[in-house]
Amino acid sequence: MENMATRDAYGQALAELGQAHADVMVLDADLSGSTKTSTFAKKFPNRFFNLGVAEQNMIGWAAGLAATGKVPFASTFAVFATGRAFDQLRNSVAYPALNVKIAATHAGLSVGPDGGSHQAIEDIALARILPNFTVVVPADGPQAAEATRAAYAQRGPVYLRLGRPKVQTVTQGHPFVLGKAQMLRTGSDATIIACGTLVQEALSAADSLAKENISLRVLNVHTIKPLDENAILAAARETGAVLSAEEHTILGGLGSAVAELFAEAGLGVPFKRLGVRDQFGESGEPGELFKKHGLDAASLAAAVRELLKKKK
Numbered sequence: 000m001e002n003m004a005t006r007d008a009y010g011q012a013l014a015e016l017g018q019a020h021a022d023v024m025v026l027d028a029d030l031s032g033s034t035k036t037s038t039f040a041k042k043f044p045n046r047f048f049n050l051g052v053a054e055q056n057m058i059g060w061a062a063g064l065a066a067t068g069k070v071p072f073a074s075t076f077a078v079f080a081t082g083r084a085f086d087q088l089r090n091s092v093a094y095p096a097l098n099v100k101i102a103a104t105h106a107g108l109s110v111g112p113d114g115g116s117h118q119a120i121e122d123i124a125l126a127r128i129l130p131n132f133t134v135v136v137p138a139d140g141p142q143a144a145e146a147t148r149a150a151y152a153q154r155g156p157v158y159l160r161l162g163r164p165k166v167q168t169v170t171q172g173h174p175f176v177l178g179k180a181q182m183l184r185t186g187s188d189a190t191i192i193a194c195g196t197l198v199q200e201a202l203s204a205a206d207s208l209a210k211e212n213i214s215l216r217v218l219n220v221h222t223i224k225p226l227d228e229n230a231i232l233a234a235a236r237e238t239g240a241v242l243s244a245e246e247h248t249i250l251g252g253l254g255s256a257v258a259e260l261f262a263e264a265g266l267g268v269p270f271k272r273l274g275v276r277d278q279f280g281e282s283g284e285p286g287e288l289f290k291k292h293g294l295d296a297a298s299l300a301a302a303v304r305e306l307l308k309k310k311k
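All residue numbers for the sequence shown refer to numbering that gives the first Met the number 0, where the first residue is 0 and numbers rise by one.
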């Protein structure tokens, strides 16, 4: 399948949902051309609301619509959705457990030239700590479409983390179920647990390591909350070494969730979190930024080799 951005797939799936379900409402904060909600707006102008550069108000609107039985999808850039509107997410959406869907685009380092001010690298952490929230990070276009449909079907708040650039299709043939990780590559020597754009980097690392007779398992943990604890623990026990990889700070995201799981399970396997290490991003091309932060395929492969030295 052709490469596509997860935000593009979201826009297409949203329009399809609008056709099938009259209760779908879409809100945007003056970024519909970038978030791709413009596709829905053209087809269903009476169910689309541009709230302007007023993200907090947009989330309040979404909460109000949900309280009347509608299913609102509110979209803006991830740095605004979770940062600027956190109070509304907490008190207007999470606290009453309203059926609001937050579809936040332009997340992570892959925003690229927009720089550190627009690279949301803390949004998973902010969404994950909210009670009642489901947090989903699709790996590619087809999965983003499936996640959008699943978000509609899921009762309660959902945070969808979507990206700006086109990415490879890597999940074809693997059924999508909220809360269930996908084993995209079998392996016995070590495991990479990844989400979003880092899944394709992990698969490339697995291909590289296979040439060295290193068998790497790749888990696509698209649902950060609820976490697929069984799949992650099984991978750790069966391969004996684990890395997590995400274009997000290592504090509070996927890596933290896995570390918490291992600590409570008393699992003492070698483990390393790969992500942004307690700093902001900067302007640059996505590939350059991934390399600088040790998140490209070559860096992941190198991290696996180092981890294997610690394996009993």
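Where a beta carbon is used, it is the ideal one built from N, C-alpha and C, also for glycine.
As the structure is a computational prediction, the values presented were derived from the model and not from experiment.
Unbroken beta strand (DSSP E) run spanning G274, endpoints: Looking at the DSSP string, the run of the beta strand (DSSP E) that includes G274 is F270 to V275.
Whole-angstrom distance between L161 and I123, CA atom to CA atom: Using only the alpha carbons, I get a separation of about 11 Å.
Whole-angstrom C-beta distance between N219 and L183, which should lie under 8 Å: 5 Å between Cβ atoms; contact.
Coarse secondary structure for T170, derived from DSSP in three states: Shown here, T170 sits in coil according to DSSP, grouped into three states, outside any helix or strand.
Coil, strand or helix - I128 by DSSP: Reduced to three states, the DSSP call for I128 is coil.
In chain order, each beta strand (DSSP E) run of at least 3 residues that lies wholly inside the segment 155 to 204: The qualifying runs are 157 to 160, 181 to 184 and 189 to 193.
Local Cβ density within 10 Å of D206, reported as buried at 16 or more and exposed below that: Under this definition D206 is an exposed residue.
T238 versus V268 - alpha carbon distance: If I take the Cα positions, the gap works out to 9 Å.
Cβ separation of T185 and R216, assumed to be a contact under 8 Å, to the nearest whole Å: At roughly 6 Å, the Cβ-Cβ gap stays under 8 Å, so T185 and R216 are in contact.
Neighbourhood of L16 by C-beta, 6 Å cutoff - its chain only, sequence neighbours within 5 removed: Taken in chain order, the residues that qualify are V23 and Y151.
Classification of P141 by the beta-carbon crowding that lies within 10 angstroms, buried from 16 upward: By the 10 Å Cβ count, P141 comes out buried.
Given 8 Å, three or more beta-carbon pairs between the segment 171 to 179 and the segment 258 to 265: Judged by pairs of C-beta atoms under 8 Å, the segment 171 to 179 does not touch the segment 258 to 265, as fewer than three such pairs exist.
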